Every structure is written in structure tokens, then in C-alpha cells.
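First to last, the protein sequences are chains A and B.
Using the working numbering, count along the first sequence one by one with no gaps and you end on 319.
Using the working numbering, count along the second sequence one by one with no gaps and you end on 588.
Backbone N, C-alpha and C define an ideal beta-carbon position, used for all residues, glycine too.
Source: prediction; values computed, not measured.
Report on the following structure.
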Amino acid sequence: MSSFTAANDVNRLAKMPGRDVYGIALVEIGKENKDIVVLGADAMGSCRCTEFQKEFPERTFNVGIAEANMVGMAAGLATCGKIPFVNTFGFLLSMRACEAVRTDLCYPNLNVKLVTSMFGLIAGTGGTTHHSHEDLAIMRSFPNMTVIEAADGFETMKAAKAIAKHVGPVYLRVGRDKVPVYERDYDFQIGKGVILRKGKDATIIACGILVSRALQAAAELAKSKIDVQVINMHTIKPLDREKVMQAAKGKVIVTAEEHSIIGGLGGAVAEFVAEEGLKVPVKRVGIQDVFCGIGPTDELRAKHGLTAEAIRDALRKAL
Amino acid sequence: MDVGALEKKNKEIRRRIVEILGEAHGGHYGGSLSCVEVLSALYMNEMRIDPQRPDWPDRDRFVLSKGHACAAFCAVLAERGYFPGDLLQTFNKLDSPFGMHPDMHKIAGCDVSTGSLGHGLPIGVGMALAGKMDRKGYRVFVLLGDGECQEGVIWEGMMAAAHYKLDNLVAIIDRNRVSMDGFTEEIMPLGDLQKKMEAFGWVAREVDGHNIEQILEAFQAVPFVAGKPSGIIANTTKGKGVSFMENTADWHYREASPEVTERALKDLE
């Protein structure tokens, strides 16, 4: 992995897999703040922590295959002023270590960052044991927790730097696909969605890799004179209510995420729209209430409707 | 504080626990009464702390992993001067800082919020690791219940503590042999905890957990071996000091009527 410090090198970073950018970001964050420490559970390479480990061996802890202990240790480190970045697979952070995340991090509001690059259907052939389409719902339900998913490599850099400065527990998903979304620098703020395309008829609110697919769907729909707005809702919690409120002025909202339609981005948007009594239908594109089985990642994603076509069709049908 | 004074203090603390839990309409009598000597030895004698500066960065840390002994913990903190003992009259009341399990953001002198069993040791490992990284001299004391050593994550923490050579970490196991449903050795035997800890890379010794001299002697000897975490298995009696609460699961958690509270206080005269 090449190391460079151009955090604003949009074109290069946007085209890189988020997790590779995260590895670079970690080193930069580590240089900026000596309190940053990195914890992993025998998945350091997979989580792109090895560059940080080389640069700062004394601040890196591979605790072995013991995720609940890892999160507890991070809590202890945080009470003593360290800022732990805790890295492993999404299902392990959200389910194996679930209670430690909720009780040891969120309840005392400790400054710990949980980062995963194995979530949704990324594990593909690994099957259901390694898929993670419940993590956003689980993490979102904990008070004090901030939940973020980066849309491309550039946003991963922005998000990683932002969470290092944010005080409090954060769950961050960084992807593995090359899905460039950004072409120029922009203002990344936790809790503020980004309007990537304006449109008056309807809105697609997406996060992660579905952002690039939402843009494709919108371009496709434009051919049939359907004018669609696309919002990158990188922060799933706290939800950018203003942007949802504004989106509700259109005829339909479609949400899209690599997650169960229950409890994640779609859940958050639907809850808000219902609660506010906004007169707009919400269609959720995501994994239905099923386990997804085995298959190459993109084939599984296609089977479960995580595609531009699925977004396009959902929106068309709702209109 | 000398041994005689500590013993006198411990009797007062036990009475305070019974009073607090009586007023609170129930609580964890057994596990609170079993760890009084360990807690008071730590807070009155052993730990480098300053009640005027509960956030002093160089202080020794304490983790009440068996968070349900909160009444004992709070009684000891009050006795040590972290806050006025009168405040404990609010124990368990709506919006009180004090309840069944301690909250680090509400109780002066409480370093970690605990309550769910098994969590304290990993957190203590993290604290001790931070101390080593910062080359600080503070030590971290974790008080475990013996029952919670049935949790797997305790042993994950044990491995990590030995691996990182945390000789600034001391785990005390309140070995009262009784958990909520009955006797630990009947429910799921813990066996020889000293040997188990040593197999996980710790150096451990057993003490009579109600003998102040033995407890202080053990604390003064830590780390037992440089470069290794220290374990102290404190053999105790659940419900110690109140005859009808001793060595029974019936008083793990229970509500005591004013009459029963009176009887308990008589036992502690």
C-alpha cells in the first residue's frame, strides 16, 4: 500500500477501496494524535491496520480472537485518555461484542471508534455466518452511538478523520469496492447528509456502495424524464432530519443500503417520516428479512436487490 | 489505618450496608457483606487516591467487576470521604446517583460503570495497559465475584493481562462460593481458581478474605512477580457478619423488612 498524505487527493482516493484508504487514514490520524491506539482481533491485515502497526507498534494491540475482551479493553483504555480504534468484522463487533459495546462504551459514553470493512454481503462466499446485515440496526439502537457508512474511498478518508476528532463512541463501515462517488472536495460533517444530485420528483437516500448505484439509477430515470434527487446519508445516526424533511416534498422517497430493510437507514428514514406525519411513501431497498446464503459478493448483492436496477424499479413502481 | 481501627471501621461499614439496603427496599446483601474487608483494605490503606481529586490522573484505579456489591462500595467511598454518607439514603430512589450497580458519571470515586458480570477484567486490562503505555506508576485493582468467573470473557481478559505483562494489574476474586441460584461448585464448578489463574500466566495466592492482616500483606507484596499480573483469591463467607445471611443464596438479593433489618443490625453490634 502506498503511503501519501494528500487527504484532498479526491480522484485518487475516491477510486480506491474504502478499507485501503482507511489504512492510510489510520497512519495519518496516528501521526496527528499520539493518543490514538489501534486494537484488532486477529484480523489486522484484513482490517488494514498493518501500516499503523508498522509505524506505531507500541500503540497497536492484536488481542487475538476475543472480541468482547477487545471492546472491554478499549473501554478501559478510553477511561485513561486513549482513543482506541477497534477493528474487526461487522458481525463480531455488533453481535459477539454487542453487550460490551452497549454497556462498556455507549452507557458511559466513552471515546472509542469501532471500524469494520466486513459487513453486509462483503463476505460473499463466507455465507451467513460472515454476513452482517443487522449491524446498523443494532448499533443505531444504543444511546450515544454515532453510526456512519462511507460511500467511497474519499469519503472514507473524510469520515476516518472526522471520527478521530468526534468525542464519543462511533461505528464506522468502510467498504471494499471501488465505487467512486466524489470528484471534488466537499464539507463532510457527521450528521449532515450530502445532496449529490438535485431533482424535484423523488429522492433516493442511500449510504455506502448503494450511493454510487443510486446515482446510476437517477441517471437512468432522467432518461424517462423522472427528475430524482440523490442524498448520500453517510451518517445513519444521528439522522439528518432536515434533509429527509426536504426530500419529503417530492412524490416518493426510496432508501438504499447494504443492510436489512429492518432498522438501518431505511428504518430510520421511515420512522422519522411516519412520526412527523409527512405525506410521502417510503420504499426501502435492502436485504429483505432473510439470510442470504452463499455466493460471490456481487452475485449475492444482485440476487438480493442491491443494484441500480432495483433502486430504479422501486422508485418507478412507487411513482 | 491500623488493623484494629480497620476492623472497627468494617463493622460500621457492614451496619451501613444493612441500613442502606433496608431503606432501599432490597439489595445484594450476601455479595456486599462478603467483600467488606477487601474493599476497606484497598480504600483505607492500600490505594494511592485522593478523595478531593477523584479524577487525579495518577491515582490507582479500582473496578468493581461484581457491580452488584454497589452498596458496600458506596459505603466504603463515603467512609473514605468521597461524598457525605447521608447521600446514600437516596439509594435506589428515582434519579439517585446510587443504585444496584455503580455509574462512573454519577458517583465520585467510581472509575468504571459496572453491573453486567464479566466486564470488569477486560476493562481493567485496558486501564493497566494505558498505565504502562504512559509509564505511569498507578495500579489497577479489579474485584471479581467468583460466580462471574464462569463467564468466558474473564478468561479472555486473563490471557491478555499475562500477554501484555501487566504487573500493575491486581485481580481479587471474592471467593464466597455462592451465586444467585446456590453454590458455585454445584451449579458449575470453578475448582481451583489459583491454579487456573496461574495456568493463564498470572501469579496468584489465596488469603482469608476476612483477615485484614492477610489481605494487607498480600496487597503489599504485589506484584508477586515482576512482569506478571497478580491474583488474590480471597476466601470469604457470603453474607458475612449477619448470622442468617451467611453462606446461603437466599440473601444474594432480597428485601428485608424493618424487623429483619433490626435483627441483622443486632448481629453486627
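For this session: Work out the CA separation of G23 of chain A and K15 of chain A for me, nearest whole Å.
Result: The residue labelled residue 15 of chain A in the question sits at position 15 within the first sequence. The residue labelled residue 23 of chain A in the question sits at position 23 within the first sequence. The alpha-carbon separation between K15 of chain A and G23 of chain A amounts to approximately 15 Å.
Problem set entry | Buried versus exposed call for G323 of chain B [16 or more other C-beta atoms within 10 Å across all chains shown] | In the second sequence, residue 323 of chain B corresponds to position 4, counting from 1. That one is exposed.
Problem set entry | Inter-residue Cα distance where the pair is G295 of chain A and Y483 of chain B | The sequence position of residue 295 of chain A within the first sequence is 295, counting from 1. The sequence position of residue 483 of chain B within the second sequence is 164, counting from 1. Distance between the alpha carbons of G295 of chain A and Y483 of chain B: 40 Å.
Exercise. Could you give the residue range of the alpha helix (DSSP H) that holds S351 of chain B?
Worked result: The residue you call residue 351 of chain B lines up with position 32 of the second sequence. Taken as a continuous stretch (DSSP letters only), the alpha helix (DSSP H) holding S351 of chain B covers Y348 to L352.
For this session: Enumerate, from N- to C-terminal direction, the unbroken alpha helix (DSSP H) stretches of 4 or more residues contained entirely within the stretch 445-491 of chain B.
Result: As far as the stretch 445-491 of chain B is concerned, its whole alpha helix (DSSP H) runs of at least 4 residues are 471-482.
For this session: Report yes or no: do the stretch 305-317 of chain A and the stretch 529-549 of chain B share at least 3 C-beta pairs separated by less than 8 Å?
Result: These segments do not touch.
For this session: Starting from the C-beta of F4 of chain A, find all residues in its chain whose C-beta is less than 6 Å away, skip the five residues before and the five after it, and write them out in chain order.
Result: To locate residue 4 of chain A, count along the first sequence from 1; it is residue 4. Per-residue confidence for F4 of chain A stands at a pLDDT of 47, beneath the threshold of 50, marking its modelled position as unreliable; the derived number appears in the next sentence. Taken in chain order, the list of residues that qualify is empty.
For this session: For H438 of chain B, return the contacting residues in chain A, with the cut-off set at a CB-CB distance below 9 Å.
Result: Along the second sequence, one-based indexing puts residue 438 of chain B at 119. Per Cβ cutoff of 9 Å: A68, G72, A75, E99, A100, T103 and D104.
Problem set entry | is_contact[E467 of chain B, chain A] using C-beta, thresh 9 Å | The residue labelled residue 467 of chain B in the question sits at position 148 within the second sequence. Among the residues facing chain A, E467 of chain B is not included, as its CB has no counterpart in that chain under 9 Å away.
Exercise. Nearest-angstrom Cα distance between I332 of chain B and V355 of chain B?
Worked result: Residue mapping note: residue 332 of chain B aligns to position 13 of the second sequence, counting from 1. Residue mapping note: residue 355 of chain B aligns to position 36 of the second sequence, counting from 1. Each residue's Cα considered, the two are about 7 Å apart.
For this session: Note the first and the last residue of the continuous beta strand (DSSP E) segment covering M62 of chain A.
Result: For the purposes of this step, residue 62 of chain A is taken as residue 62 along the first sequence, with counting starting at 1. Here residue 62 of chain A is Asn; the residue named in the question, Met, does not match the sequence. For N62 of chain A, the enclosing beta strand (DSSP E) covers residues T60 to N62.
Problem set entry | Where Y22 of chain A sits in the DSSP three-state scheme | As a position in the first sequence, residue 22 of chain A is number 22, starting the count at 1. DSSP places Y22 of chain A within a helical segment (H, G or I) once states are collapsed to three.
Exercise. Using a Cβ cut-off of 9 Å, which residues of the stretch 367-400 of chain B contact any Cβ in chain A, in chain order?
Worked result: Along the stretch 367-400 of chain B, going in chain order, the ones with a CB nearer than 9 Å to a CB of chain A are P376, R380 and V382.
For this session: Give the range of the alpha helix (DSSP H) segment to which T409 of chain B is assigned.
Result: Within the second sequence, residue 409 of chain B is the residue found at index 90, counting from 1. Careful: T409 of chain B lies outside any alpha helix (DSSP H) and carries neither H nor E.
Exercise. Going along chain A, which residues have a C-beta under 7 Å from G418 of chain B?
Worked result: Counting from one through the second sequence, the residue named residue 418 of chain B turns up at place 99. Within chain A, not a single residue places a beta-carbon under 7 Å from that of G418 of chain B; the smallest gap is close to 13 Å.
Exercise. In terms of residue numbering, what span does the beta strand (DSSP E) encompassing V357 of chain B cover?
Worked result: As a first step, residue 357 of chain B is located in the second sequence; it is residue number 38 there, counting from the start. For V357 of chain B, there is no enclosing beta strand (DSSP E); the enclosing alpha helix (DSSP H) has its first and last residue at V355 to S359.
Problem set entry | Beta-carbon neighbours of E581 of chain B, restricted to chain A and to distances below 8 Å | To locate residue 581 of chain B, count along the second sequence from 1; it is residue 262. Result: empty, since nearest Cβ-Cβ is about 37 Å, beyond 8 Å.
Exercise. Between the stretch 26-59 of chain A and chain B, which residues of the former have CB atoms less than 8 Å from a CB of the latter, in chain order?
Worked result: Listed by position, the residues of the stretch 26-59 of chain A near chain B (Cβ gap below 8 Å) are V37, E58 and R59.
Exercise. DSSP on A163 of chain A, reduced to helix/strand/coil?
Worked result: Here residue 163 of chain A is taken as the residue at index 163 of the first sequence, counted from 1. According to the sequence as given, residue 163 of chain A is Ile; it is not Ala. I163 of chain A falls in the helix class under three-state DSSP.
Problem set entry | For K283 of chain A, the residue or residues it bridges with in DSSP | Walking along the first sequence from the start, residue 283 of chain A turns up at place 283. Answer by DSSP bridge pairing, in chain order: A:V254.
Exercise. Who does Q229 of chain A pair with in a DSSP beta bridge?
Worked result: Reading the first sequence from its first residue, position 229 is the one you call residue 229 of chain A. According to DSSP, Q229 of chain A shares a beta bridge with A:T203.
For this session: For T129 of chain A, count neighbouring C-beta atoms within 10 Å of its own C-beta (all shown protein chains included) and say buried if the count is 16 or more, exposed if not.
Result: For the purposes of this step, residue 129 of chain A is taken as residue 129 along the first sequence, with counting starting at 1. Per the 10 Å Cβ criterion, exposed.
Exercise. If we ignore side chains and look at the alpha-carbon of each, how far apart do I205 of chain A and H166 of chain A end up?
Worked result: If you number the first sequence from 1, residue 205 of chain A lands on position 205. If you number the first sequence from 1, residue 166 of chain A lands on position 166. Rounded to the nearest angstrom, the two C-alpha atoms are 24 Å apart.
Exercise. Expressed to the nearest angstrom, what Euclidean distance is found between the alpha-carbon atoms of V522 of chain B and I122 of chain A?
Worked result: Mapped onto the second sequence, residue 522 of chain B falls at position 203. Mapped onto the first sequence, residue 122 of chain A falls at position 122. Near 44 Å, if we compare the C-alpha coordinates of I122 of chain A and V522 of chain B.
Problem set entry | Cβ of A449 of chain B within 9 Å of any chain A Cβ | What you label residue 449 of chain B is simply residue 130 of the second sequence in a count that begins at 1. Answer yes: the Cβ-Cβ gap between A449 of chain B and chain A drops below 9 Å somewhere.
For this session: Assuming H438 of chain B and A100 of chain A form a contact by the criterion Cβ under 8 Å, report the distance between their Cβ atoms to the nearest whole angstrom.
Result: Working through the second sequence from its first residue, we reach residue 438 of chain B at position 119. Working through the first sequence from its first residue, we reach residue 100 of chain A at position 100. Indeed they touch by this definition, with Cβ atoms about 7 Å apart.
Problem set entry | Per-residue contacts from P238 of chain A into chain B (C-beta, under 8 Å) | The residue given as residue 238 of chain A occupies position 238 in the first sequence. Neighbours of P238 of chain A in chain B, taken as residues at a C-beta separation under 8 Å, are lacking, since the least C-beta distance is about 21 Å.
Exercise. By Cβ distance, which residues of its chain are closer than 7 Å to P143 of chain A, with the 5 residues on each side in sequence left out?
Worked result: Walking along the first sequence from the start, residue 143 of chain A turns up at place 143. Taking P143 of chain A as the centre and dropping the five residues before and after it, the same chain places the C-beta of C106 closer than 7 Å to its C-beta, in chain order.
Exercise. In chain order, what residues of the same chain have a beta carbon less than 7 Å from the beta carbon of M73 of chain A, not counting five sequence neighbours either side?
Worked result: Here residue 73 of chain A corresponds to residue number 73 of the first sequence, with the count starting at 1. Answer for M73 of chain A: L39 and V63, listed in chain order.
For this session: Could you pull out every unbroken beta strand (DSSP E) segment of at least 3 residues lying fully inside the stretch 115-155 of chain A, listed in chain order?
Result: With a minimum length of 3 residues, the continuous beta strand (DSSP E) runs that stay inside the stretch 115-155 of chain A are 146-149.
Problem set entry | Test: D486 of chain B CB closer than 9 Å to a CB of chain A | What you label residue 486 of chain B is simply residue 167 of the second sequence in a count that begins at 1. For D486 of chain B, the closest Cβ of chain A is not nearer than 9 Å.
Exercise. According to the neighbour-count rule (16 or more other Cβ atoms, all chains shown, within 10 Å of its Cβ), is F291 of chain A buried or exposed?
Worked result: The count along the first sequence starts at 1 and reaches residue 291 of chain A at position 291. The residue in question, F291 of chain A, is exposed, as its Cβ has fewer than 16 Cβ neighbours within 10 Å.
For this session: Would you verify that the beta carbon of K113 of chain A is, or is not, closer than 9 Å to some beta carbon of chain B?
Result: As a first step, residue 113 of chain A is located in the first sequence; it is residue number 113 there, counting from the start. Taking Cβ atoms only, chain B never reaches closer than 9 Å to K113 of chain A, which makes this a no.
For this session: Can you give me the start and stop residues for the beta strand (DSSP E) that F324 of chain A sits inside?
Result: In this structure chain A extends from 1 to 319, so residue 324 of chain A is not present and cannot be described.
Exercise. Hey, is V290 of chain A close to the ligand MG, as in C-beta under 8 Å from one of its heavy atoms?
Worked result: The ligand MG is not part of the structure shown, which contains no ligands of any sort.
Exercise. On the three-state DSSP scale, how would you describe S549 of chain B?
Worked result: Locating residue 549 of chain B in the second sequence gives position 230, counting from the first residue. Strand.
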